[in-house]
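Going by the working numbering, the first residue of the sequence shown is number 100, and it counts up by one from there. A short worksheet on the structure shown next.
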Amino acid sequence: MSAPTLNAFLLSQESGGHNADVLATVAALADAAIKINHAIRTGSLDRAFGGSKGTVNADGDAQKELDLYADETFIEAMRHAPIRSVASEERTDPVAINAEAHIALAIDPLDGSSNIDVNVSIGTIFSLLPATGAPDTDPAAFFLQSGNRQLAAGFFIYGPQLALVLTVGSGTHVFVFSQSLGTFVQTRESLTISERTQEFATNASNYRHWDEAVRLYVDDCLKGEDGPRGKNFNMRWIASLVADAYRILMRGGIFLYPGDARPGYGNGRLRLVYEANPIALLIEQAGGRATDSVRAILDITPTSLHQRVPFVFGSAREVERISRYHTEPSTIADRAPLFGNRGLFRA
Ligand SMILES: O=P(O)(O)OC[C@H]1O[C@](O)(COP(=O)(O)O)[C@@H](O)[C@@H]1O
Ligand SMILES: [Mg+2]
Ligand SMILES: [Mg+2]
100 MSAPTLNAFL LSQESGGHNA DVLATVAALA DAAIKINHAI RTGSLDRAFG GSKGTVNADG
160 DAQKELDLYA DETFIEAMRH APIRSVASEE RTDPVAINAE AHIALAIDPL DGSSNIDVNV
220 SIGTIFSLLP ATGAPDTDPA AFFLQSGNRQ LAAGFFIYGP QLALVLTVGS GTHVFVFSQS
280 LGTFVQTRES LTISERTQEF ATNASNYRHW DEAVRLYVDD CLKGEDGPRG KNFNMRWIAS
340 LVADAYRILM RGGIFLYPGD ARPGYGNGRL RLVYEANPIA LLIEQAGGRA TDSVRAILDI
400 TPTSLHQRVP FVFGSAREVE RISRYHTEPS TIADRAPLFG NRGLFRA
């Protein structure tokens with residue numbers, strides 16, 4: 100039997116009783132992503148997508164042409180979807196769409212902006228949340244719900260292949276766009292992230308700004324076979340969250356963007372509502388874990404739309420281990436003999 104298309108998958112979910120509006124919205128997002136993928140692939144021929152617009156978003160990031168094109172394309176696509184409100188990384192406030200609808204969309208329209216002009220994978224991350232309440236409900240309130248309230252989450256990756264990683268609440272599934280069929284085809288069903296790993300992803304240029312628990316964890320990985328871990332680690336850092344997440348979903352690994360001492364980076368770089376929450380749901384639905392170093396990301400109630408959060412996710416055992424470096428280092432049996440040398444964790 101041939102692999103199901105995205106539409107067939109969504110129909111099967113609908114006949115299983117899943118919220119039809121959620122599924123219709125995923126289909127509309129997929130159509131918009133196909134359009135953006137096409138624009139990226141022909142982009143440099145007719146416009147400079149990597150060029151800066153000279154504007155900044157709510158977080159102070161410089162906006163590139165493609166950030167704004169993607170933002171406008173997704174918002175436009177949502178005007179015909181059963182969506183009440185959209186919150187975008189590129190807009191200070193949510194955009195009202197349809198007052199009768201019961202779903203809110205949080206979106207990072209273009210993730211990995213620093214990779215646009217160097218031809219490295221970029222993507223779109225989305226999160227669907229329930230949006231109920233009186234017509235005069237402040238739309239910002241829809242987005243200040245914890246991540247475990249998400250109805251669906253996913254990301255598109257504009258890489259060598261256009262892929263969609265999706266959860267509608269039961270399992271994490273992968274779809275790849277087929278040029279010949281003109282639609283997404285399911286390539287992985289309910290994937291599982293390996294529990295253990297020997298690969299970490301972090302921007303190590305921030306080493307001197309990290310707190311000591313993070314430095315010790317990375318030091319231990321770097322010491323390889325001769326260190327407390329007793330095994331060699333590989334390192335990858337793509338600087339597109341979607342691409343790092345995709346690799347971790349495919350072959351395991353651990354991702355760290357912790358808070359650090361640089362001004363404005365006390366809670367790291369990634370945004371809770373439209374980056375960490377959807378990635379965390381996808382990772383947890385694949386058997387991995389996602390934390391802010393200690394707390395489960397999905398348990399955190401956001402207090403503002405664009406707030407940042409320290410973000411650690413990936414293979415379950417490794418995420419749990421990092422948490423112990425922060426909270427109970429003396430229980431890390433294989434590391435205990437070295438603590439005395441460092442001083443930080445001396446009881
Ligand atoms: O450049 P840094 O500090 O390594 O940060 C890279 C991180 O920033 C991001 O690009 C932030 O996302 P945006 O491009 O959507 O702002 C992530 O995709 C990536 O993980
Ligand atoms: Mg992003
Ligand atoms: Mg972005």
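In this text, a Cβ means the ideal position worked out from N, Cα and C, and glycines have one as well.
query                                                                                                              : result
Status (buried if at least 16 other CB within 10 Å, exposed otherwise) for residue 260                             : exposed
Anticipated Cβ contact below 8 Å, residue 250 with residue 227, distance rounded                                   : 5 Å
Sequence-distant residues of the same chain with beta carbon closer than 7 Å to residue 40, five excluded per side : Only positions 100 to 446 of the chain appear in this structure, which leaves residue 40 out of reach.
Span separating the alpha-carbon of residue 197 from that of residue 187                                           : 16 Å
Inter-stretch contact (C-beta, 8 Å, three-pair minimum) for the stretch 148-157 and the stretch 105-115            : no
Local conformation of residue 339 per DSSP, three classes                                                          : coil
Cα-Cα separation, residue 118 to residue 233                                                                       : 20 Å
Cβ neighbours of residue 212 in the same chain (closer than 6 Å, five flanking residues each side left out)        : 163, 166
Buried versus exposed, by CB contacts within 10 Å (16 or more), residue 370                                        : buried
Inter-residue Cα distance where the pair is residue 403 and residue 324                                            : 43 Å
Member of 204, 109, 363, 200 whose CA lies at the smallest distance from the CA of residue 192                     : 204
Nearest residue (CA-CA) to residue 129, options 151, 102, 174                                                      : 174
Helix, strand or coil at residue 306 according to DSSP, with G and I counted as helix                              : helix
Proximity test, residue 138 beta-carbon vs ligand 1 heavy atom, cut-off 8 Å                                        : no
Assigned secondary structure, residue 148 (DSSP; H/G/I helix, E/B strand, else coil)                               : coil
Ordered list of beta strand (DSSP E) runs contained in the stretch 190-266, each at least 3 residues               : 202-210, 221-229, 251-257, 261-266
Residue 162, DSSP secondary structure in three states                                                              : strand
Between the CA atoms of residue 358 and residue 391 - distance to the nearest angstrom                             : 9 Å
Within 5 Å of ligand 3: residues by beta-carbon to any heavy atom                                                  : 188, 207, 209, 210
Range covered by the beta strand (DSSP E) that runs through residue 112                                            : Here residue 112 belongs to no beta strand (DSSP E); instead the alpha helix (DSSP H) covers 105-114.
Cβ contact (3+ pairs, closer than 8 Å) linking the stretch 267-281 and the stretch 404-423                         : no
Residue 307 Cβ short of 8 Å to ligand 1 heavy atom set                                                             : no
Integer Cβ distance of residue 253 from residue 263, believed to fall under 8 Å                                    : 6 Å
Beta bridge counterpart(s) of residue 413 as assigned by DSSP                                                      : 353, 388
Supposed contact pair residue 304 and residue 219 - C-beta distance, whole angstroms, cut 8 Å                      : Not a contact, Cβ separation roughly 17 Å.
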